[in-house]
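In order, the protein sequence lines correspond to chains A and B.
Each residue of the first sequence is one higher than the last, beginning at 1 in my numbering.
Each residue of the second sequence is one higher than the last, beginning at 1 in my numbering.
For every residue, glycine included, the Cβ atom is placed at its ideal position computed from N, Cα and C.
Just so you know, these numbers come straight off a predicted model, no measurement behind them.
This report concerns only the one structure given below.
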Amino acid sequence: MNTAELVIAWSACVAYALTSVIVIHHMIFASRRAVKLAMWAAVAGALLHLGSLVVRTVASGHLPVMGNYETASAAALFAALPVAWITLRREDLRLPILVAVPVIMLALGWAILKRDAVSPLTPPFQSTWLVIHVLFANLSFGGFVLACGGGACWLLVERRQRLGTTGGWLDRLPSLDSLDDLTFRFALFGFVNEAVMIVAGAFWADALWGKYWGWDPVEVWSLLNWLVYGLYVHLRVIHKWRGKRMAWLAVVSMITVFIMFWGVNVFESSAHRLMAM
Amino acid sequence: MAGSSLTHHLRQQLRGLSSRRKSAVLIGLLCALLLVALVVPQEGRTTPDEYMSLFQSMPELLTWFQRWGLTRIYQSPAFATVFVMLLVNLGLNLWQRARALPTQVELRAPHLRPGGMKGRKGHRAIPVGANRSALDAAAAALDRRRYEVARSDTSLRALKGRLSPVASVIFHASLILIGAGAVISMSTRRAAVVRLGPTERYAPAELGHAPETWGELANAPFGEIAFTVRDVEVEYTERSEMIRASLFIVDDAGAEHELRPNYPYRKSGINVRFTNFGLAPFVTVLDPARGFSSAAPYKVMVMPEGQADTLPVPGLGEVLGIKLYPDHFLDDDGQHASHSTDLRNPVALIARIEQPDLPEVAVPLGAGPVSLGPYLVSLDKVMYWARIDLAKDRGRWTVYVGLVLAIIGMTWRLGVPRRTIECCFEPLEDGTGILHLAGRSDFTEEPFATQLSQIGDELARELAP
Numbered sequence: 001m002n003t004a005e006l007v008i009a010w011s012a013c014v015a016y017a018l019t020s021v022i023v024i025h026h027m028i029f030a031s032r033r034a035v036k037l038a039m040w041a042a043v044a045g046a047l048l049h050l051g052s053l054v055v056r057t058v059a060s061g062h063l064p065v066m067g068n069y070e071t072a073s074a075a076a077l078f079a080a081l082p083v084a085w086i087t088l089r090r091e092d093l094r095l096p097i098l099v100a101v102p103v104i105m106l107a108l109g110w111a112i113l114k115r116d117a118v119s120p121l122t123p124p125f126q127s128t129w130l131v132i133h134v135l136f137a138n139l140s141f142g143g144f145v146l147a148c149g150g151g152a153c154w155l156l157v158e159r160r161q162r163l164g165t166t167g168g169w170l171d172r173l174p175s176l177d178s179l180d181d182l183t184f185r186f187a188l189f190g191f192v193n194e195a196v197m198i199v200a201g202a203f204w205a206d207a208l209w210g211k212y213w214g215w216d217p218v219e220v221w222s223l224l225n226w227l228v229y230g231l232y233v234h235l236r237v238i239h240k241w242r243g244k245r246m247a248w249l250a251v252v253s254m255i256t257v258f259i260m261f262w263g264v265n266v267f268e269s270s271a272h273r274l275m276a277m
Numbered sequence: 001m002a003g004s005s006l007t008h009h010l011r012q013q014l015r016g017l018s019s020r021r022k023s024a025v026l027i028g029l030l031c032a033l034l035l036v037a038l039v040v041p042q043e044g045r046t047t048p049d050e051y052m053s054l055f056q057s058m059p060e061l062l063t064w065f066q067r068w069g070l071t072r073i074y075q076s077p078a079f080a081t082v083f084v085m086l087l088v089n090l091g092l093n094l095w096q097r098a099r100a101l102p103t104q105v106e107l108r109a110p111h112l113r114p115g116g117m118k119g120r121k122g123h124r125a126i127p128v129g130a131n132r133s134a135l136d137a138a139a140a141a142l143d144r145r146r147y148e149v150a151r152s153d154t155s156l157r158a159l160k161g162r163l164s165p166v167a168s169v170i171f172h173a174s175l176i177l178i179g180a181g182a183v184i185s186m187s188t189r190r191a192a193v194v195r196l197g198p199t200e201r202y203a204p205a206e207l208g209h210a211p212e213t214w215g216e217l218a219n220a221p222f223g224e225i226a227f228t229v230r231d232v233e234v235e236y237t238e239r240s241e242m243i244r245a246s247l248f249i250v251d252d253a254g255a256e257h258e259l260r261p262n263y264p265y266r267k268s269g270i271n272v273r274f275t276n277f278g279l280a281p282f283v284t285v286l287d288p289a290r291g292f293s294s295a296a297p298y299k300v301m302v303m304p305e306g307q308a309d310t311l312p313v314p315g316l317g318e319v320l321g322i323k324l325y326p327d328h329f330l331d332d333d334g335q336h337a338s339h340s341t342d343l344r345n346p347v348a349l350i351a352r353i354e355q356p357d358l359p360e361v362a363v364p365l366g367a368g369p370v371s372l373g374p375y376l377v378s379l380d381k382v383m384y385w386a387r388i389d390l391a392k393d394r395g396r397w398t399v400y401v402g403l404v405l406a407i408i409g410m411t412w413r414l415g416v417p418r419r420t421i422e423c424c425f426e427p428l429e430d431g432t433g434i435l436h437l438a439g440r441s442d443f444t445e446e447p448f449a450t451q452l453s454q455i456g457d458e459l460a461r462e463l464a465p
């Protein structure tokens, strides 16, 4: 990791931290001040974040798909870019969407701590399927993070309505129905993209390891995560579940997302780490 | 009587098996089993030594896990039962969906009553004065938005995503296809590994031509295929980072093929993959007392670097221990190490296994003979060998087709939700009329609710009395 890249990545982290502080301040003190500052800090953070990965791509000569730093930072960016986009375009969604920024900050911070030297793609990584696999993994991660944020907002608003309290930034959130709808759409987006990720991974695994499925912990976690969101979709579409149960499911399902993306590679011995050669 | 009772019972069972509530329960059970497999150490994923060490650290817990079959989840009856039940459930669901398909995709002119429209979500009543062509205007507005419209005298129904139930059938069929492909794979898959160096030939059909590694192919000889290894080439950057690894083979027709990781050679349904490489040091052992020399190319794996291997010396009745460092250096502690598998400075550490007191000697490539007890040993040549994996999987293409169909079905069904808009004209006694408008969309309210509202606004403006 070169100095320019490190400085840009840390700057992105600082911008996310500023957004996080303002968002948390809003949540605790119910203040509406500095919302625009939070928005611009999030946008600046996303642009700096993108810049750090562009520098990395130029230096390494390949897309950021290899190692903990590149994959975690790219995944966080795929959550940060839609956050920046939505916060600029939808005033009513500005605050709920910014709630995802602390998660993005933590993901980027973890990535920076796990940074490694820039290196060329080793032969096992030289596959078009890898790019598709990682791209859709990141898209699904972005969808799941936003669904989790939507679910959390639904629960906050519902609690507020139940207790009859008013005032503060939560008043500016969309209605419960809209939040429910939005959460489901993000989860659906993540679900479909994760399916493409698994299929691309199966094609890649067949070419590299000679079998499309090997019960590797990363594979099983991704299948488990897909089934969990499949259950979420099934309950909503077939059994017409709405509201609190779905919001909790969107929030709790994030546990399997985090384990799938990070936990399993940290704690388990996986073919995804060794890759042969 | 007994016959009809049996039929009734069977129907009930079938209904129970195909219930969508049961689908949810089975998916939940499958998740739970996968979770157990991820948390409990699985015998198939650990070496016997690792498993024994785990067993020693928690004997009671692991015994309990074993008793319930939790250490071999994927082979357990519970897993097979859930898998089969899920397939049956899917199959029955698919059958029901396929039967209902013709009705679902048909767009019929409706005969709606104003009273039935009023309670619906998004319902809107638009006063249209004496305008009798309100339904025409509604049909035109919907047509502009690419809805398919069917109308009767007093009402109309418009659909977008009319064929999306087909996508649902495709998706459910694809899951069955994937399951069936997996079962075919499990029951027919053959796989083998062979390690070959340059000039070595792979031809199981030709007896008496086998290098020592062919023993691994006893159960899966793949006689349909034969080739000769021409070369193994590995390329590194200045910083010893591997950027290319290629295996060149020549088939029996004389054609040359380059195999790289991710790019296998396929013939007769067999995938031949270059999965790894090692090093073959050519060592000469000279016993001056007996005047005997022996050269033995031997394939060693050097990942991790300096991995101990053995070097049998035929004729001397001696087995030497060997560690190879392809890019040798001495680290800060004076220990032998290798920067990479790049052959920049190959050094072999050779010892006599039966004489552990005798120190091992470092033998650099081409440096001449070095004394090892009564012998003189030299490292004359080092070359790469290839680990080649062969596999034939008859279920593979079934699974591939299933995966592609699953993506098509899922994207189509979830990405193009079915939207229905219905309109009904209500004539009033005073000669004026009201256009009732209502609609619904699968899965989500937005952006359909906004669109319905826009259509309502547009019609209200256009038909205002």
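Practice task
Indicate the three-state DSSP secondary structure (helix, strand or coil) for Asp393 of chain B in the structure shown.
Solution key: Against the second sequence, residue 393 of chain B aligns to sequence position 393. In the structure shown, Asp393 of chain B sits in coil (DSSP, three-state: anything other than H, G, I, E or B).
Practice task
With a 10 Å radius around its C-beta and 16 neighbouring C-beta atoms as the bar for buried, classify Asp332 of chain B as buried or exposed.
Solution key: Your numbering for residue 332 of chain B matches position 332 in the second sequence. Classification for Asp332 of chain B: exposed.
Problem - Min CB distance Tyr74 of chain B to chain A below 8 Å - result: The residue you call residue 74 of chain B lines up with position 74 of the second sequence. It does: the Cβ of Tyr74 of chain B has a partner Cβ on chain A nearer than 8 Å.
Practice task
Excluding the 5 residues preceding and the 5 following Glu458 of chain B in the sequence, name in chain order all residues of the same chain whose CB lies nearer than 8 Å to its CB.
Solution key: Residue mapping note: residue 458 of chain B aligns to position 458 of the second sequence, counting from 1. Result list for Glu458 of chain B: Ala141, in chain order.
Handout entry: Listed by chain order, chain A residues near Gly487 of chain B by CB distance under 8 Å
Key = Outside the shown range of chain B, which is 1 to 465, sits residue 487 of chain B, and nothing can be said about it.
Handout entry: Buried versus exposed, by CB contacts within 10 Å (16 or more), Arg396 of chain B
Key = The residue given as residue 396 of chain B occupies position 396 in the second sequence. Flag for Arg396 of chain B reads buried.
Practice task
Please go through the stretch 97 to 151 of chain B and give each complete alpha helix (DSSP H) segment of 4 or more residues, from N-terminal end onward.
Solution key: 114 to 117, 134 to 144
Handout entry: Buried versus exposed call for Gln161 of chain A [16 or more other C-beta atoms within 10 Å across all chains shown]
Key = What you label residue 161 of chain A is simply residue 161 of the first sequence in a count that begins at 1. So Gln161 of chain A counts as exposed.
Practice task
Taking 8 Å as the cut-off, decide whether the C-beta atoms of Val229 of chain B and Thr275 of chain B are in contact.
Solution key: The residue you call residue 229 of chain B lines up with position 229 of the second sequence. The residue you call residue 275 of chain B lines up with position 275 of the second sequence. Result no, Cβ atoms of Val229 of chain B and Thr275 of chain B do not sit closer than 8 Å.
Problem - Trp68 of chain B versus Gln56 of chain B: straight-line alpha-carbon distance, rounded - result: Position 68 of the second sequence holds residue 68 of chain B. Position 56 of the second sequence holds residue 56 of chain B. Using only the alpha carbons, I get a separation of about 19 Å.
Exercise for the section: List the residues of chain B whose Cβ lies closer than 9 Å to the Cβ of Thr122 of chain A, in chain order. Expected result: Within the first sequence, numbered from 1, the residue matching residue 122 of chain A stands at position 122. Under the 9 Å cutoff, chain B gives Glu241, Met242, Ile243, Ala245, Pro261.
Handout entry: Which listed residue (B:Val361, B:Val285, B:Asn271) has its alpha carbon closest to that of Trp209 of chain A
Key = Locating residue 209 of chain A in the first sequence gives position 209, counting from the first residue. It is B:Asn271.
Practice task
Answer yes or no: does any C-beta atom of chain A fall closer than 8 Å to that of Ser19 of chain B?
Solution key: To locate residue 19 of chain B, count along the second sequence from 1; it is residue 19. Not an interface residue.
Exercise for the section: State yes or no: is the beta carbon of Ala187 of chain A nearer than 8 Å to at least one beta carbon in chain B? Expected result: As a first step, residue 187 of chain A must be located in the first sequence, where it is residue number 187. With 8 Å as the cut-off, Ala187 of chain A does not count as an interface residue toward chain B.
Exercise for the section: Counting only the same chain and skipping the five closest in sequence on each side, list residues whose C-beta sits under 7 Å from that of Ala289 of chain B. Expected result: Mapped onto the second sequence, residue 289 of chain B falls at position 289. Excluding positions up to five away in sequence, the list reads Pro374.
Exercise for the section: For Ala391 of chain B, collect the residues of the same chain with a Cβ closer than 6 Å to its Cβ; drop the 5 residues on either side in sequence, then sort them by chain order. Expected result: Here residue 391 of chain B corresponds to residue number 391 of the second sequence, with the count starting at 1. These residues qualify, in order along the chain: Ala191, Asn271.
Exercise for the section: Please decide whether Ala466 of chain B counts as near chain A, where near means a Cβ-Cβ distance under 8 Å. Expected result: In the structure displayed, chain B extends from 1 to 465; residue 466 of chain B sits before or after that span and is not available.
Exercise for the section: Go through its chain and collect everything with a Cβ distance to Ile434 of chain B's Cβ below 8 Å, but skip five positions before and after it. Expected result: On the second sequence, residue 434 of chain B is found 434 positions in, with the first residue counted as 1. Cβ within range, chain order: Pro114, Ala125, Ile126, Pro127, Val128, Phe425, Glu426, Leu428.
Handout entry: Coarse secondary structure for His133 of chain A, derived from DSSP in three states
Key = On the first sequence, residue 133 of chain A is found 133 positions in, with the first residue counted as 1. The answer is helix: DSSP assigns His133 of chain A an H, G or I state.
Problem - Within 8 Å of chain A by C-beta, residues of the stretch 56 to 85 of chain B in sequence order - result: Tyr74
Handout entry: Exposure of Met186 of chain B, with buried meaning 16 or more beta-carbon neighbours within 10 Å
Key = Position 186 of the second sequence, counted from the start, is the residue given in the question as residue 186 of chain B. With fewer than 16 other Cβ atoms within 10 Å, it is exposed.
Exercise for the section: Identify which residue in A:Gly61, A:Asn2, A:Phe78 has its Cα closest to the Cα of Asn193 of chain A. Expected result: In the first sequence, counting from the first residue as 1, residue 193 of chain A sits at position 193. Measuring from the Cα of Asn193 of chain A, the nearest candidate turns out to be A:Phe78.
Exercise for the section: Would you kindly work out how many angstroms separate the C-alpha atoms of Glu233 of chain B and Val313 of chain B, rounded to a whole number? Expected result: On the second sequence, position 233 is the one that residue 233 of chain B refers to. On the second sequence, position 313 is the one that residue 313 of chain B refers to. Near 28 Å, if we compare the C-alpha coordinates of Val313 of chain B and Glu233 of chain B.
Practice task
Report whether the distance from the Cβ of Glu60 of chain B to the nearest heavy atom of the ligand GTP is below 7 Å.
Solution key: In the structure shown, the ligand GTP is absent, as is every other ligand, since no ligand is present at all.
Handout entry: Chain-order list of residues whose beta-carbon lies under 6 Å from that of Glu462 of chain B (same chain, five-residue window excluded)
Key = Here residue 462 of chain B corresponds to residue number 462 of the second sequence, with the count starting at 1. So the qualifying residues of the chain are Ala137.
Problem - Host alpha helix (DSSP H) of Phe222 of chain B (start-end) - result: By 1-based counting over the second sequence, the position of residue 222 of chain B is 222. Premise fails: Phe222 of chain B is in no alpha helix (DSSP H) and is neither H nor E.
Handout entry: Backbone secondary structure at Leu33 of chain B - three-state DSSP
Key = On the second sequence, position 33 is the one that residue 33 of chain B refers to. Helix at Leu33 of chain B.
Exercise for the section: Would you please state the rounded distance, in angstroms, between the beta carbons of Ile112 of chain A and Trp10 of chain A? I believe it to be under 8 Å. Expected result: Counting from 1 along the first sequence, the entry for residue 112 of chain A is found at position 112. Counting from 1 along the first sequence, the entry for residue 10 of chain A is found at position 10. Between Trp10 of chain A and Ile112 of chain A the Cβ distance is about 7 Å, and since that is below 8 Å, they are a contact.
Problem - Simplified DSSP state of Pro77 of chain B, which is helix, strand or coil - result: For the purposes of this step, residue 77 of chain B is identified with residue 77 of the second sequence, where counting begins at 1. In this structure, Pro77 of chain B counts as helix in the three-state DSSP scheme.
Exercise for the section: Kindly identify the DSSP beta-bridge partner or partners of Phe274 of chain B. Expected result: To locate residue 274 of chain B, count along the second sequence from 1; it is residue 274. Per DSSP, B:Ile388.
Exercise for the section: Indicate whether the contact test is met: 3 or more Cβ pairs, each with one atom in the stretch 178 to 189 of chain A and one in the stretch 246 to 256 of chain A, closer than 8 Å. Expected result: yes
Exercise for the section: Under 7 Å Cβ to Cβ from Trp204 of chain A, same chain only, skipping five residues before and after it: list those, please. Expected result: Position 204 of the first sequence, counting from 1, holds the residue named residue 204 of chain A. Result list for Trp204 of chain A: Ser127, Trp129, Leu130, His133, in chain order.
Problem - Straight-line Cα distance separating Ser378 of chain B from Thr284 of chain B - result: As a first step, residue 284 of chain B is located in the second sequence; it is residue number 284 there, counting from the start. As a first step, residue 378 of chain B is located in the second sequence; it is residue number 378 there, counting from the start. Cα-Cα distance, rounded: 5 Å.
Practice task
Output, in chain order, the set of chain A residues within a Cβ distance shorter than 7 Å of Met410 of chain B.
Solution key: Translated into positions along the second sequence, residue 410 of chain B becomes position 410. Ordered by position in chain A, the residues that pass the 7 Å Cβ test against Met410 of chain B are Val192, Ala195.
Problem - Leu107 of chain B beta carbon less than 8 Å from that of Arg159 of chain B - result: Position 159 of the second sequence, counted from the start, is the residue given in the question as residue 159 of chain B. Position 107 of the second sequence, counted from the start, is the residue given in the question as residue 107 of chain B. Sequence check: residue 159 of chain B is Leu here, not Arg. Cβ distance < 8 Å, so Leu159 of chain B and Leu107 of chain B count as in contact.
Handout entry: Contacting positions in the stretch 23 to 52 of chain B - beta carbon closer than 7 Å to chain A
Key = Ser23, Ala24, Ile27, Gly28, Leu30, Cys31, Leu34, Leu35, Ala37, Leu38
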